[in-house]
Amino acid sequence: MLSGVGPSAQLQAQNITVVMDQPHVGQGMHDNPMNAVFIPSPVPVEVSLIEVVGITSEGTYVEAAGGENFGGGGGSESNSMKLSSAQPFQGGFILEKVMGPLSTGHMELRTKNPNDNPVVTFNYFQHPDDLKRCVRGIQTIERVVQSKAFARYKYADMSFEYLLNLTASTPVNLRPPRSGPGASLPPSAEEFCQHTVTTIWHYHGGCVVGRVVDGDYKVIGIYWLRVIDMSTVGYCPGTNPQATVMMLGRYMGVKITRERLANK
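Note that numbering that gives the first Met the number 0 gives residue 91 to position 92 of the sequence shown, counting from 1, and the numbers run on in steps of one.
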């Protein structure tokens, strides 16, 4: 967009010279919604990052991480998980993320300064099926927490509803705190999903193959310009897209090199 390729009205609004009017740039963006349940533990928990994933038949991925003094915040200034104001606790969390969300969003330029972040709207849970899958994911987490194998890692007097309320009262995103007559009551699974949703940093789309770029990742209508990153992807594969992006970059790098050598 900053180079002049995108919706002409947006570009002109930022006084950017329009090289090509391409209305699909910045459209069709997705982000896998993630919701976590914080679980204080009466016993020390080994510090761990996410190592194992449970894949449900409903299309949710269930993962866990934890350690002592979890949630105490660190030196990061990131607002994506605003836990710096939360009291640290011994324990961890179990999260679920929705695979292949049907809700779509878009991106718009805030300014023409490349150092300024754009305005991105993901429309989490706009499609009802995404919310239904989140609810099923939370129900799966409940079954895990209530299992005999998990009993020693949670306080016996903390019900799952209490854990949902504990998590919902923590500033995990930029939404305002729950308010109103029912704010002190445990949220329903639907309310919990909507109130505590955050990103797992797997956003993708906005420059999708077939709309903005062709099968060789060349920008349609512009010679010798390619886009090779997650903006070209319409579905984010696996638990972490990093390996896929690295594979795509390596594959296309080799392909471009071979094409150039063949044309010499």
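For every residue, glycine included, the Cβ atom is placed at its ideal position computed from N, Cα and C.
Computed from a predicted structure; not experimentally measured.
So which of the options has the shortest CA-CA distance to residue i?
i: F110; options: V211, Y234, L10 and G237; result: Here residue 110 turns out to be Thr, not Phe, going by the sequence shown. The residue with the shortest Cα to Cα distance from T110 is L10.
i: V118; options: L165, N164 and Q26; result: Q26
i: V207; options: K153, V42, N14 and V24; result: V24
i: S102; options: I255, F124, D115 and F92; result: F124
i: P28; options: D115, H201 and S146; result: At residue 28 the sequence reads Met, which differs from the Pro that was named. Here the closest residue by C-alpha is H201.
i: P100; options: R132, T256 and S146; result: R132
i: N112; options: I15, A182, P240 and F121; result: I15
i: D128; options: E189, L94, K147 and H105; result: E189
i: S230; options: K217, A261, A8 and V42; result: K217
i: D215; options: P240, I255, S178 and G179; result: I255
i: I137; options: C192, V171 and D156; result: C192
i: G205; options: V253, R177 and H105; result: H105
i: L187; options: N172, G179, L163 and H203; result: Reading off the sequence shown, one finds Ser at residue 187, where the question assumed Leu. Of the listed residues, the one whose Cα sits closest to S187 is L163.
i: P185; options: E160, H203 and T169; result: E160
i: M245; options: R257, R135, D228 and A8; result: D228
i: Y234; options: V46, V143, V18 and N31; result: N31
DSSP three-state label for residue i, please.
i: K217; result: strand
i: G252; result: helix
i: G238; result: What sits at residue 238 in the sequence shown is Thr, not Gly. Of the three classes helix, strand and coil, the one that applies to T238 here is coil, per DSSP.
i: V18; result: coil
i: R225; result: strand
i: V244; result: helix
i: L1; result: coil
i: G70; result: Caution is warranted here: a pLDDT of 49 is assigned to G70, below 50, making its placement in the model unreliable, and the coordinate value is therefore given only provisionally. Coil, per DSSP.
i: V232; result: coil
i: V208; result: strand
i: L82; result: The predicted position of L82 is uncertain, since its pLDDT is 44 and thus under 50; a value taken from the coordinates is nonetheless stated next. In the structure shown, L82 sits in coil (DSSP, three-state: anything other than H, G, I, E or B).
Should residue i and residue j be called a contact, given that it needs their Cβ atoms to be closer than 7 Å?
i: T197; j: A167; result: no
i: S158; j: Q89; result: no
i: V226; j: V212; result: yes
i: A35; j: I49; result: no
i: T243; j: V52; result: no
i: A66; j: V44; result: For the sequence presented, residue 66 should be read as Gly rather than Ala. Yes. Within cutoff.
i: M0; j: I199; result: no
i: P37; j: F92; result: At residue 37 the sequence reads Phe, which differs from the Pro that was named. The answer is yes: Cβ separation under 7 Å.
i: T55; j: T139; result: yes
i: K96; j: Y154; result: no
i: G3; j: Q21; result: no
Note the first and the last residue of the continuous beta strand (DSSP E) segment covering residue i.
i: H203; result: H203 to G205
i: Q26; result: Q26 to H29
For the alpha helix (DSSP H) holding residue i, just list the boundary residues, first then last.
i: Q9; result: S7 to A12
i: Q193; result: A188 to T195
i: A182; result: Where A182 is concerned, there is no enclosing alpha helix (DSSP H), given that its DSSP letter is neither H nor E.
i: L163; result: F159 to A167
Enumerate, from N- to C-terminal direction, the unbroken beta strand (DSSP E) stretches of 3 or more residues contained entirely within the region 87–139.
-> 88–97, 104–107 and 118–120
Can you check the region 31–68 for any beta strand (DSSP E) of at least 3 residues that lies completely inside it and give the ranges in chain order?
-> 32–39 and 52–54
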